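Before any comments, here is the structure.
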Amino acid sequence: MSEGDGTPIAARVAGRPHPLVELTRARLVEFVREPEAVFWVFVFPVLLALALGIAFRSKPAERLRAAVERGAPAQARILAILRASPDLTVVELSPAEAAQALRTGKVDVVVEGTAPAAGSKGDLLSVTYRYDTSRAEGRAARLAVDDALQRALGRPDLLAVREERVAQPGNRYIDFLIPGLVGLNLMGSGMWGLGFAVVQARVRKLLKRFAATPMRRSHYLLSFMLSRLVGLVLEVVVVVGFGWLLFGVAVRGSLVDLAVVSLVGALTFAGLGLLVAARPRTIEGVSGWMNLVQLPMWLFSGTFFSYERFPAAVQPAIRALPLTALNDALRAVINEGSPLSASFPAVLVMVLWGVGSFAVALRLFRWQ
Amino acid sequence: MTVRCTDLVKHYEDVVAVAGIDLAVFRGECFGLLGPNGAGKTTTVEILEGLTLPDGGSVEVLGCRWGTGRDHELRERLGVQLQETQLAEKLTVGETLRLFASFFARPRAVSEVIRMVGLEDKRHARVGKLSGGQKQRLALACALVSDPELLFLDEPTTGLDPQARLNVWEVVETFRARGGTVLLTTHYMEEAAQLCDRVAIMDHGTILSLDRPAALVASLGAEQIVEFRVRGDLAASALAGLPGVSRVTEKDGGFRLSVRRIGEAMPALLSELERRGLTIESLTTHQATLEDVFVHLTGRALRDE
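Going down the list, the protein sequences come from chains A and B.
Number 1500 marks the last residue of the first sequence (the working numbering); no jumps.
Number 308 marks the last residue of the second sequence (the working numbering); no jumps.
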């Protein structure tokens, strides 16, 4: 099928609208007139950031919780020492209650005084600490309890220590979260936005109608990419602006770098969206594929927590996901203030996904 | 010659949609494909429009063949309205036409096509708010915006009320008056009779008959059709000899007479029934139409399915 246009551009009516411009414009007008779409793209991520930002806001350091077993030797003395510690909240529980509280995480450590072992040089007592070694709070509580008891019994501090407490903007959970939400939002609106629009046009035979005109097919697909460019500016500005105004999440790197990373990310997911929408004939069909493609990235790409927590063996696969690359690049610019060159591998991963999926989509695309 | 196809064949899996069709549409005429749903009309038109590849046969449209590197150029010269296309609901009439116009090298002005289809007061209305008839006129406008030489209309008035149908017919007639060629499909025989210079009657993927509407009706050898039912036994052969009656068919206990001279046939029929002591349960008579031609050719009514 020929894409050759018999008429030179100059011979066309002067000022006549270009099909690519008109397709993009129509796409944007349709989007703006769809209230649900506007909600999901702009309001939803802001609400999500708000909820998570409040849930994980920087609180004064939480006190660790210790339980002392009632009826054990030297119970009163242990209680008195631990209650004097500023880091600990202490409760007195029966052995059964203490075991229950430990199991359900209501206390972090259980302290049981025991009679001094025969021949030990301690004048006072010996203790047993019971805690879950896999919980950071358990380990911290054990150290705090031990520290308080040992000091009270006369252990000297040999090292002069000066503490600097760090809870500055840039190291909080919300600082980690905002770039992730930008990435997640670019993925969601790119894929759902394009996927639904394309499949709906196919279901309604509009694609077939367009195919009956001299419209260039690549123009149609490119108009979706272009419309994403306009959408992405708003999406990124809304989420980043919100994080900055409400939580003081600053963009430490250059705004130009942020724009470049966002642009590459948006185009990547526009390409993926077109690819997923290239064949399905029903909205249900395309929804299933969209979920299938996005779910691994929701889980593994480090939007809500760092993907470093997954085993080292799967790290290369996780890093190859386009959302991981986008999140990493966004965090490098927003949180670390790194130059764009530092994110080159991530940008390359995105470009490969984007170009590859657009090329395959163009080939597979079903017009009727 | 504007459209010519020979021995067109198209299968869908094991269903034969088009079973060897020959057509020729002349410049400036309105050509109709008349047939029930599933007759293969849409498949035929979509092959001619270059949207569907035929399994066999050859197609020539405006002197070009599809797939020979000139598709783009050919599409510039066509106006196409598809069955069941739903245009974007959120766009307005004006925006929709502006979009379609941008696809063509030399489009008509948007305001001009809006005037042609009589949607001036709906220019800023969203497509989703239009009535069925208005949507159909907009679809027609999208087909006309290319300033086409040849207009393909697939079931242009299906589902429309009589007034909306008349509006669409007017637009088509105006297009023809300017010298345009039209190929349309319909399962309304009134539409075929009203708009078309020539009609091909289609059923099961083949053309059963092709001629001017008046000639098709005349081929029945009848001006009037008389249909009646009686209580009691009556054989069709008993009516064959009545004066003015050219054909008798019996279907489901009812009789259908093709009548050349109604003035002679009616008194003869009535006295024959009286002589046999039969009581008439119902009796209607109407002028022969394309519908009767279809019934005659297939034994079924156009709108049976």
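For each residue, glycine too, the CB sits at the ideal point set by N, CA and C.
These numbers come from a predicted model, not from an experiment.
At a cut-off of 8 Å, the C-beta of Thr1345 (chain A) has a neighbouring C-beta in chain B. Gln86 (chain B) sits in coil when the DSSP states are folded into three classes, being neither helix nor strand. A check of alpha carbon separations from Gly1385 (chain A) across A:Asn1467, A:Tyr1439, A:Leu1318, A:Trp1376 identifies A:Asn1467 as the nearest.
Per DSSP, reduced to three states, the secondary structure at Cys145 (chain B) is helical. Between the alpha carbons of Ala1280 (chain A) and Arg1274 (chain A) lies a distance of about 10 Å.
Neighbours of Glu98 (chain B) in chain A, taken as residues at a C-beta separation under 7 Å, are given in chain order as Ala1158, Val1161. Here Val21 (chain B) is not near Leu51 (chain B), since their CB atoms are 8 Å or more apart. At least one CB of chain A lies nearer than 8 Å to the CB of Gln89 (chain B). Against chain A, the CB of His127 (chain B) has no partner CB under 8 Å away; the residue lies outside that interface.
For chain B, the residues of the region 1327 to 1351 of chain A that bring a beta carbon within less than 7 Å of one of its beta carbons are Arg1336, Lys1337, Leu1338, Lys1340, Arg1341, Ala1343, Ala1344, Thr1345, Pro1346, Met1347, in chain order.
Pairing Val28 (chain B) with Thr1345 (chain A), the inter-Cα distance amounts to about 21 Å. DSSP places Arg201 (chain B) within a strand segment (E or B) once states are collapsed to three. Runs of the alpha helix (DSSP H) lying entirely within the region 6 to 92 of chain B, each at least 4 residues long, are 44 to 51, 74 to 78 in chain order. In the DSSP secondary-structure assignment, Ala1199 (chain A) is bridged to A:Val1223, A:Val1242.
Taking a beta-carbon distance threshold of 8 Å, Leu85 (chain B) counts as an interface residue toward chain A. In the structure shown, the three-state DSSP call for Glu158 (chain B) is coil.
Proximity of the region 1364 to 1373 of chain A to the region 91 to 105 of chain B falls short of the contact definition, fewer than three beta-carbon pairs being nearer than 8 Å. With 16 or more other Cβ atoms inside 10 Å of its own Cβ, Leu141 (chain B) counts as buried. Under DSSP, Asp214 (chain B) forms a beta bridge with B:Val202.
For Gln1447 (chain A), the enclosing alpha helix (DSSP H) has its first and last residue at 1447 to 1452.
Taking a 10 Å sphere around the C-beta of Val96 (chain B), we find 16 or more other C-beta atoms and assign the residue as buried. In the three-state scheme derived from DSSP, where H, G and I count as helix and E and B as strand, Ser1433 (chain A) is classed as coil. Within the region 1331 to 1368 of chain A, the complete alpha helix (DSSP H) segments of 4 residues or longer fall at 1338 to 1343, listed in chain order. For the options A:Gly1245, A:Ala1230, A:Leu1184, A:Arg1360, the alpha carbon positioned closest to that of Leu1313 (chain A) is the one of A:Leu1184. Looking at the DSSP output, Arg1262 (chain A) bridges to A:Val1242.
Residues of chain B whose Cβ lies closer than 8 Å to the Cβ of Pro1167 (chain A) do not exist, since the nearest Cβ in that chain is about 11 Å away. For His75 (chain B), the nearest CB of chain A lies under 8 Å from its own CB, placing it at the interface with that chain. At a beta-carbon threshold of 8 Å, the residues of chain A lying near Ser105 (chain B) are Arg1148, Pro1149, His1150, Pro1151, Val1153, Glu1154, Leu1155, ordered along the chain. In this structure the region 134 to 150 of chain B touches the region 79 to 92 of chain B; the number of beta carbon pairs closer than 8 Å is three or more. With distances taken between CA atoms, Phe1176 (chain A) lies nearest to A:Val1371 out of A:Phe1308, A:Leu1395, A:Met1482, A:Val1371. For Leu286 (chain B), there is no enclosing alpha helix (DSSP H); the residue is part of the beta strand (DSSP E) that begins and ends at 282 to 290. Chain order gives the chain A residues near Arg101 (chain B) as Pro1149, Glu1154, where near means a beta carbon separation below 8 Å. Boundaries of the alpha helix (DSSP H) around Gly1185 (chain A): 1176 to 1187.
Residue burial is scored here from C-beta neighbours: Phe1171 (chain A) has fewer than 16 other C-beta atoms within 10 angstroms and is therefore classed as exposed. Contacts with chain A (Cβ-Cβ distance below 7 Å) from the region 112 to 136 of chain B involve no residue at all.
Secondary structure note for Gly257 (chain B): it is in no alpha helix (DSSP H), and the uninterrupted beta strand (DSSP E) holding it is 257 to 262.
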